[in-house]
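Novice: Take a look at the following structure, please.
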Amino acid sequence: MRQRDLKFTFVVGEGKLAFDVVEFELEEALCEPFRLHLKLASDRRAVDFKQVLDQPGTFTLWQD
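Numbering (our numbering), first residue to last: 1 to 64.
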């Protein structure tokens with residue numbers, strides 16, 4: 001599997017708002033909560049961040 005065959009997406013809530021993941025960094029350690037930093041892109045000209053902030057989301061890695 002080549003890295004360029006991998007795709008990454010982030011979906012907010014029930015899937016009504018989806019983003020492409022441009023970059024991500026995942027930090028983890030024993031007995032510590034993990035931290036995921038995402039840099040996202042969208043085709044939408046304007047994103048209402050009230051629909052994004054403090055909402056559950058799903059980060060998905062998949063192969064094309």
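Ideal Cβ positions, reconstructed from N, Cα and C, are used throughout, including at glycine.
#1: Following the continuous beta strand (DSSP E) through residue 12, name the residue where it begins and the one where it ends.
#2: Tell me which same chain residues have a C-beta within less than 8 Å of the C-beta of residue 11, skipping the five on either side of it?
#3: Pick from 43, 46, 13 and 21: whose alpha carbon is nearest that of residue 7?
#4: If you run the structure through DSSP and keep just helix, strand and coil, what is residue 55?
#5: Assuming residue 27 contacts residue 35 under a Cβ cut-off of 8 Å, what Cβ separation, rounded to an integer in Å, is found between them?
Specialist: The relevant details are as follows:
#1: One-based indexing of the sequence shown puts residue 12 at position 12. Boundaries of the beta strand (DSSP E) harbouring residue 12: 6-12, taken from the DSSP string.
#2: For the purposes of this step, residue 11 is taken as residue 11 along the sequence shown, with counting starting at 1. So the qualifying residues of the chain are 17, 18, 19, 57, 58 and 60.
#3: Working through the sequence shown from its first residue, we reach residue 7 at position 7. Out of 43, 46, 13 and 21, 21 has the C-alpha closest to the C-alpha of residue 7.
#4: Within the sequence shown, residue 55 is the residue found at index 55, counting from 1. Assignment of residue 55 by DSSP, reduced to helix, strand and coil, places it in the coil class.
#5: As a position in the sequence shown, residue 27 is number 27, starting the count at 1. As a position in the sequence shown, residue 35 is number 35, starting the count at 1. Yes, they are in contact, since the Cβ atoms of residue 27 and residue 35 sit about 5 Å apart, within 8 Å.
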